[in-house]
Amino acid sequence: MKKLSILAVCGAGLGSSFACEMSIEAALKDLGIDADLSHCDISSATSTRADIIFTGENFRSQFAHYNVTAKIIYLKRLVDKNEIKEKITPVLQEMGLMASTPS
Numbered sequence: 525m526k527k528l529s530i531l532a533v534c535g536a537g538l539g540s541s542f543a544c545e546m547s548i549e550a551a552l553k554d555l556g557i558d559a560d561l562s563h564c565d566i567s568s569a570t571s572t573r574a575d576i577i578f579t580g581e582n583f584r585s586q587f588a589h590y591n592v593t594a595k596i597i598y599l600k601r602l603v604d605k606n607e608i609k610e611k612i613t614p615v616l617q618e619m620g621l622m623a624s625t626p627s
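Under this note's numbering, the first residue of the sequence shown carries the number 525, and numbering increases by one thereafter.
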């Protein structure tokens, strides 16, 4: 089975996307999910194959112009591990990578 690929994206592909990548890694560890993580700038993200892309809410309009097949998760705070876990959990459940929690 192919390993899950996750990309953290910011405007320049440097500081904030790297910090986001580290927060994603911590969130996935808490959830018991193994994935390949990387980070880049927004223009590189459009040609990169990833299953899930994390980016800031401020980039929503830019991503709307691209045909991206990855599931895009928009964050209000790029380094908020709790927001990352909250938003990735239903995506992982939908992908069959995580069991649904009973209600």
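Glycine residues also receive a C-beta, built at the ideal position from the N, C-alpha and C atoms.
Nothing here was measured: the structure is a model prediction, and the numbers come from that model.
Inter-residue spacing [alpha-carbon to alpha-carbon] between residue i and residue j
i      : j      : result
Cys544 : Ile612 : 13 Å
Asp575 : Leu528 : 6 Å
Leu555 : Lys595 : 18 Å
Gln586 : Lys600 : 16 Å
Ser571 : Glu610 : 27 Å
Met619 : Arg584 : 22 Å
Ser624 : Ile608 : 17 Å
Tyr598 : Thr579 : 5 Å
Gln566 : Glu581 : First, the amino acid is wrong: residue 566 is Ile here, not Gln. In a straight line, the C-alpha of Ile566 is about 13 Å away from that of Glu581.
Counterpart residues of residue i in DSSP-defined beta bridges
i      : result
Cys564 : Val533
Residue i (DSSP reduced to helix, strand or coil)
i      : result
Leu599 : strand
Gly539 : helix
Leu528 : strand
Ile548 : helix
Ala559 : strand
Neighbourhood of residue i by C-beta distance below 8 Å, restricted to the same chain and skipping five residues each side
i      : result
His563 : Leu531, Ala532, Val533, Cys534, Gly537, Ser541, Phe542, Cys544, Glu545
Lys605 : Ser547, Ala550, Ala551, Asp554
Val592 : Ala569, Thr570, Ile577
Asp558 : Lys527, Leu528, Leu552
Contacting residues, own chain, Cβ-Cβ under 7 Å from residue i (five flanking each side not counted)
i      : result
Ala569 : Leu531, Val533, Ile577
Contacting residues, own chain, Cβ-Cβ under 6 Å from residue i (five flanking each side not counted)
i      : result
Met622 : Leu616
Tyr590 : Thr570
CB contact below 8 Å: residue i versus chain B
i      : result
Arg601 : Annotation note: the requested chain B is absent from the structure, which comprises a single protein chain.
Report task. Starting from the N-terminal side, write out each stretch of the alpha helix (DSSP H) that is 4 residues or longer and does not extend beyond the segment 602-626. Result -> 605-618
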